[in-house]
Amino acid sequence: MRPAVGEFLARSGALTPSGLKATLDWQKTHGGTIERALLASGTVTETVLAEAFSASTGLPAAGRERLLEADPWAVAALPPDARRRLRALPFEKLGGELLVAVSDPDNPVLGTGLAAATGYAEIRLFAVPEPVLDDLLSHWEREELRRAAERRQEPAAEEEPPGEAIEKLARALLVDALHGSADGFELGVDRRGGYSRTHHFARPPLTRRLPGAVVRQLLTWFRGRLAAADPTGGASFFAEVDSEETGRTRLLVELTEKGPEGMRFHFRVAGASTEGPCPHDAAEGDVFCPACGAPL
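Count along the sequence shown from 1, then add 6; that gives the number in our numbering.
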């Protein structure tokens, strides 16, 4: 059995006899876990509790700020009812691994439950105290309801065909991901605007902010390529890109996830020419945002 949180707090001097009495009095009156009583009674701060809980479980800590900024795609990998049942909050996808914050790592069905519900075989656990996790689960449930309501209220807008600048930018983003040895590529729109994000095995994703209108045009371009490859709803297409490093390269771009706010792709090199770089200006390097003209 792992050491109790109170032991670590007592050893560090954060839990005094008077603080322990206040904690136990609160728990006797209100019930709940010792972690909740420690916070609610004001005996320790959330930061101190998180450090002690991490030490107690032997898992790295996942702080509130990090979990508030969680990847919505990762959060959605586990349905809300399963999050509550398993006391777990996925917050990031890292290559083929799912990072999950949990408040009860000793739960005997946690591992199998997460694997069955998310489809991920590789799951890395992080520690978060129970009262903090409760707050965050409620936050993400509200956030998902808010986003769903916004989507229902948004009028269906006619999509303008992407212009030459958008096509050039789309291919440049693929080249950038290729040079960065990424194995996945994502486009989406969140509350801060648009973004492109590359995913790398065993490394954090890299995010580039873009105007939301530009990302919506990029998504239209990718949807158009998918539809052209297979009008019945295909999930892959080939893209020819020009790179100073690899020459003209043929990529197989496969759709892996699709949502109302974005798309995720996996891609791999399907072939490359031996003729050297294409002289077309799209291969020359500098790419500018078609909305504001800023260099990307």
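Ideal Cβ positions, reconstructed from N, Cα and C, are used throughout, including at glycine.
Values in this document were obtained by computation on a predicted structure and should not be read as measured data.
Under the three-state DSSP convention, the category residue i falls into
i	result
Pro137	helix
Gly64	coil
Pro114	coil
Phe228	helix
Glu281	Residue confidence for Glu281 is low, a pLDDT of 40 falling below 50, so the modelled location carries little weight and cannot support an answer.
Ser242	strand
Arg270	strand
Glu75	coil
Ala107	strand
Thr255	strand
Within 7 Å, strictly: CB atoms of residue i and residue j
i	j	result
Leu73	Ala123	no
Ala121	Phe97	no
Glu128	Gly169	no
Leu193	Leu225	yes
Arg177	Val275	no
Gly218	Gly199	yes
Ser109	Leu142	no
Leu100	Leu116	no
Tyr126	Leu151	no
Ser47	Ala76	no
Between the CA atoms of residue j and residue i - distance to the nearest angstrom
i	j	result
Thr280	Phe273	Any reading at Thr280 needs caution, since the residue's pLDDT is 38, under 50, leaving its predicted position unreliable; the model's value is listed next. In a straight line, the C-alpha of Thr280 is about 21 Å away from that of Phe273.
Thr51	Ser24	16 Å
Ala94	Ala88	8 Å
Lys264	Arg222	13 Å
Gly320	Ser202	Any answer about residue 320 is impossible in this case: the structure gives the chain only from 7 up to 302.
Arg158	Arg270	22 Å
Glu149	Arg254	43 Å
Thr35	Ser144	24 Å
Ala235	Thr39	55 Å
Glu156	Asp196	12 Å
Arg70	Ala171	40 Å
Gly19	Asn113	29 Å
Pro167	Phe228	11 Å
Arg130	Leu65	9 Å
Trp32	Ala154	38 Å
Pro237	Gly37	58 Å
Beta-carbon proximity list for residue i, same chain, < 6 Å, skipping 5 on both sides
i	result
Pro85	none
Leu15	Leu21 and Ala58
Ala68	Ala107, Phe132 and Val134
Ala183	Phe191 and Thr204
Gly119	Leu92
Pro211	Arg203 and His205
Trp146	Val81
Thr49	Gly25, Ala28 and Thr29
Thr213	Tyr201 and Arg203
Sequence-distant residues of its chain with Cβ nearer than 7 Å to residue i (five each side left out)
i	result
Leu45	Glu52, Leu55 and Pro137
Leu261	Leu232, Ala241, Ser242, Met269 and Phe271
Gly12	Leu21 and Ile40
Sequence-distant residues of its chain with Cβ nearer than 8 Å to residue i (five each side left out)
i	result
Leu180	Phe191, Ala245, Val247, Leu257, Val259 and Phe273
Leu30	Ala43
Ala10	Ile40 and Ser62
Ser60	Pro66, Ala67 and Ala133
Arg215	Arg198, Gly199, Gly200 and Tyr201
Arg90	Leu143
Review point. Counting Cβ pairs, one atom from each stretch, are 3 or more of them under 8 Å apart for the segment 196 to 216 and the segment 174 to 187?
Key: Touching, per the Cβ criterion.
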